[in-house]
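Enquirer: Numbering (this note's numbering), first residue to last: 3 to 95.
We treat Cβ as the ideally placed atom computed from N, Cα and C, and that holds for glycine.
Nothing here was measured: the structure is a model prediction, and the numbers come from that model.
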Amino acid sequence: RKPGKLPFSTHSHSYDLEYGNDTLEIHSDALQAGQRVLVIDDLLATGGTVEACSQLLSNFSVEIVGFAFVIHLKALEGEKKLAPHPVFSLLEY
């Protein structure tokens, strides 16, 4: 989630965007060590947001099994930031 939207203790990760910076947050008790996680988002462009999500998940010692998107903008090569994890998408442009 975007910062300040969650009611309890959180982990956060800030990251740079082409036009500024942003922060993601997750509840500190949202995941347990060893869980398998598939990260799902609407769009993969440059990969900055999901790369930040991956960094945020490192606080939990979980296994990221892959990333799934509705739309993947292949020309921007965002999947390179997610290697070695598999990337799935419904539509590619």
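1) I'd like the list of long-range same chain contacts for LYS7, defined as Cβ closer than 8 Å, with 5 residues on each side in sequence excluded.
2) How do the segment 34–43 and the segment 6–24 stand: do at least 3 beta-carbon pairs fall below 8 Å, yes or no?
3) Using a threshold of 8 Å, state whether the C-beta atoms of LYS64 and ALA35 are closer than that.
4) According to DSSP, is LEU33 part of a helix, a strand, or is it coil?
5) Taking the DSSP output, what are the residues bridged to ALA70?
6) Could you check how far apart the C-beta atoms of SER60 and ILE73 are, in whole angstroms? I think they sit under 8 Å.
7) Mind checking who ASN23 pairs with in its DSSP beta bridge?
8) Less than 8 Å between the beta carbons of GLY22 and ALA47, yes or no?
Expert: In short:
1) The count along the sequence shown starts at 1 and reaches residue 7 at position 5. Contacts found: GLU27.
2) Remark: fewer than three beta-carbon pairs, one from each stretch, lie closer than 8 Å, so the segment 34–43 and the segment 6–24 are not flagged as touching.
3) Reading the sequence shown from its first residue, position 62 is the one you call residue 64. Reading the sequence shown from its first residue, position 33 is the one you call residue 35. Note that residue 64 corresponds to Val in the displayed sequence, not to Lys. A contact, by the Cβ cut-off of 8 Å.
4) What you label residue 33 is simply residue 31 of the sequence shown in a count that begins at 1. If DSSP states are grouped into helix, strand and coil, LEU33 belongs with coil.
5) Counted from its first residue, the sequence shown places residue 70 at position 68. DSSP output for ALA70 lists ILE42 and PHE90 as bridge partner(s).
6) Taking the first residue of the sequence shown as position 1, residue 60 is located at position 58. Taking the first residue of the sequence shown as position 1, residue 73 is located at position 71. No, SER60 and ILE73 are not in contact; Cβ-Cβ is about 26 Å, not under 8 Å.
7) Position 21 of the sequence shown holds residue 23. Answer by DSSP bridge pairing, in chain order: ASP18.
8) Taking the sequence shown and counting its residues from 1, the one referred to as residue 22 is at position 20. Taking the sequence shown and counting its residues from 1, the one referred to as residue 47 is at position 45. No, the pair does not count as a contact, with Cβ atoms beyond the cut-off.
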